[in-house]
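Asker:
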Amino acid sequence: MFSKPSLTVKLGVLGFIIFILPGLFVVWISSYAFTAGAPDDGVTRMIEIPFKTGLRGIQEILEKNGYIKNDIRFLLAARVMGVAKQLKAGEYALRYGLSPYQILLLLESGENVAKPVTIPEGLTAAQIADILAAGSWVDRKTFLNLTRDPDFIKELGIEAKSLEGYLFPDTYHLALGQSPQAIIRMMTNRFQTITAELSQRQEPGVRGLSPLGGLSLHEIITLASIVEKESAKPFERPMIAAVFLNRLKIGMPLQADPTVIYGLDSFNGNLTKHDLVTTTTYNTYTIKGLPPGPICNPGREAIQAVLQVTADEQTLKMARLTPYLYFVSKNDGTHYFSKTLAEHNKAVKQYQQAPALTRQRAKNSQKGE
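Numbering of the sequence shown is given in my numbering, commencing with residue 2 and proceeding in unit increments.
The structure is reproduced here in structure tokens:
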């Protein structure tokens, strides 16, 4: 018969369990976590971790691309490191030769590759959402909802009911996994930087973004958005801005086709007489003054054009522009400007072969909800 283990033996076994096994476990995990999964060949490769990919899914992606070996210790290492639920989606630049530990730290940091994304001038918030959603940067609906979220807009320091007009067109470097809030904040921060810079360039005595009596920042951006849509030629924009300011001063309707288009539920490229006489909050043929907000997101030159004209109005430098009340497309990308209605009607006959009330407009003028 075997004798019962002595107390010393029992304590020895217990000590082994308490002190030795955890140590062996750590060694077992460490031997994997700190060993490169593949030899470094000096080549950096791109790897994408899609949104909502769990730890096991990440392990499978890394295994498939040869960065780690198929081993349960990857999962255990992530949990021991406390990063199992902290790994971020995105596109990463990885090279062979990295250990699982290094890869986990990189995925936990979220320091993935940023790619340039260009937002052209004159797009609506909906069209910007289309670009970002097409590149998988944002969910379109979530992005648009944020542009109309009053609490978020207030948090950004924007005094408006919508971010239409305040999403500054520029080239941004975006990384997969960035929140739509972060992307929008980049755009509005850029807007605030540019408008502050343009404000400082105005003549002494007319600085600030309210150079024309009673014209607020929101109204300036609204007018700039109309100017942006009316002409793609930078040299014409101050003249177009002057025309609209002259109309505002005498209470004349702006009659800007792009505002009508923005107010339509849908637009097929043809602006009809019915469209022009149908009242909406944005139809500047049927309402007086500016529409309630911007009709697109204007670029630097359009904003600068409005500021230039309003500043020059005060400093009497723009007298040569002030007589104009009308302009018509010359079908070459430029416009003919007129002082009187009779002169304007003559120009319309000369340059517009189609009926004046039925105009073909570029589809990128569409509101696009």
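Just so it is clear, CB atoms sit at the ideal spot from N, CA and C, and this is done for glycine as well. Computed from a predicted structure; not experimentally measured.
Could you spell out where the alpha helix (DSSP H) holding MET47 opens and where it closes?
Answerer: Element bounds for MET47: not the alpha helix (DSSP H) but the beta strand (DSSP E), 45-50.
Asker: Taking only three categories from DSSP, how would you classify PHE328?
Answerer: Annotated three-state conformation of PHE328 is strand, per DSSP.
Asker: Quick one: what's LYS116 bridged to in DSSP?
Answerer: LEU175
Asker: Let me know the secondary structure DSSP gives LEU246 once reduced to three states.
Answerer: helix
Asker: Identify which residue in GLY300, LEU272, LEU177 has its Cα closest to the Cα of PRO235.
Answerer: With distances taken between Cα atoms, PRO235 lies closest to GLY300.
Asker: Kindly give me the distance between the Cβ atoms of GLN60 and LEU77, rounded to whole angstroms, as I take these residues to be in contact under 8 angstroms.
Answerer: That pair is no contact at about 11 angstroms.
Asker: Can you tell me which of the three DSSP states GLY369 falls into?
Answerer: No answer about GLY369 holds up, because its pLDDT of 42 lies below 50 and its placement is not dependable.
Asker: When the Cβ atoms of the region 322-341 are set against those of the region 151-162, are three or more pairs found closer than 8 angstroms?
Answerer: Counting Cβ pairs under 8 angstroms, fewer than three are found: no touch.
Asker: If you run the structure through DSSP and keep just helix, strand and coil, what is ASN271?
Answerer: strand
Asker: Identify the continuous beta strand (DSSP E) that holds LEU91 and give its terminal residues.
Answerer: Residue 91 is actually Gly in this sequence, not Leu. Its beta strand (DSSP E) spans residues 91-96.
Asker: With the cut-off set at 7 angstroms, would you say GLU92 and VAL118 are in Cβ contact?
Answerer: no
Asker: Using C-beta distances below 6 angstroms, list every residue in its chain close to GLN353, excluding the 5 sequence neighbours before and after it, in chain order.
Answerer: none
Asker: Can you list, in chain order, the residues of its chain whose CB lies under 6 angstroms from that of ALA130, leaving out five sequence neighbours each side?
Answerer: ARG141, PHE144, LEU145
Asker: Report the residue from PRO293, THR287, ASN247 whose alpha carbon sits nearest the alpha carbon of PRO324.
Answerer: ASN247
Asker: For GLU198, count the other beta carbons within 10 Å of its own beta carbon; 16 or more makes it buried, fewer makes it exposed. Which is it?
Answerer: exposed
Asker: Kindly list the residues whose CB is nearer than 8 angstroms to the CB of ARG208, restricted to its own chain and excluding five residues on each side of it in sequence; keep chain order.
Answerer: Low local confidence applies: a pLDDT of 40 at ARG208 is under 50, so the model's placement there is unreliable, with the coordinate-based value given in what follows. SER200, GLN201.
Asker: With three or more C-beta pairs closer than 8 angstroms as the rule, is the region 120-129 touching the region 65-84?
Answerer: no
Asker: Near ALA37, which residues of its chain fall below 8 angstroms by C-beta distance, leaving aside the five closest residues on each side in sequence?
Answerer: Around ALA37: TYR97, GLY98, LEU99, SER100.
Asker: Could you round the C-beta distance between HIS219 and GLY294 to whole angstroms and report it? I think they count as a contact, below 8 angstroms.
Answerer: 7 angstroms
Asker: Might you give, ordered along the chain, the residues of its own chain that have their beta carbon closer than 8 angstroms to the beta carbon of ARG149, omitting 5 neighbours on each side?
Answerer: LYS162, SER163, LEU164
Asker: Quick one: grab the DSSP three-state call for PHE144.
Answerer: Assignment of PHE144 by DSSP, reduced to helix, strand and coil, places it in the helix class.
Asker: What residues in its chain sit with their C-beta under 7 angstroms from that of GLN351, if we drop five residues either side in the sequence?
Answerer: none
Asker: Please report how far the alpha carbon of THR125 lies from the alpha carbon of VAL349, in whole angstroms.
Answerer: Rounded to the nearest whole angstrom, the C-alpha separation of THR125 and VAL349 is 29 angstroms.
Asker: Closest to ALA233 by C-alpha separation, out of LYS274, LYS89, GLU302, would be which residue?
Answerer: GLU302
Asker: Compare the C-beta of ARG96 with all C-beta atoms of chain C and state if any pair is closer than 7 angstroms.
Answerer: Protein chain content of the structure displayed is limited to a single chain, and chain C is not contained in it.
Asker: To the nearest angstrom, how far is it from the Cα of GLU344 to the Cα of ASP266?
Answerer: 34 angstroms
Asker: Ordered along the chain, which non-local residues of its own chain (more than five positions away) have a Cβ less than 7 angstroms from that of ILE296?
Answerer: SER226, ILE227, LYS230, PRO259, THR260, TYR263, TYR283
Asker: Which residues in the same chain have their Cβ closer than 7 angstroms to the Cβ of VAL307, if we skip the five residues on either side of it in sequence?
Answerer: When the five nearest sequence neighbours on each side are left out, the beta carbons in the same chain lying within less than 7 angstroms of the beta carbon of VAL307 are those of ILE221, LEU224, ALA225, VAL228, ALA242, in order along the chain.
Asker: If you run the structure through DSSP and keep just helix, strand and coil, what is PHE338?
Answerer: strand
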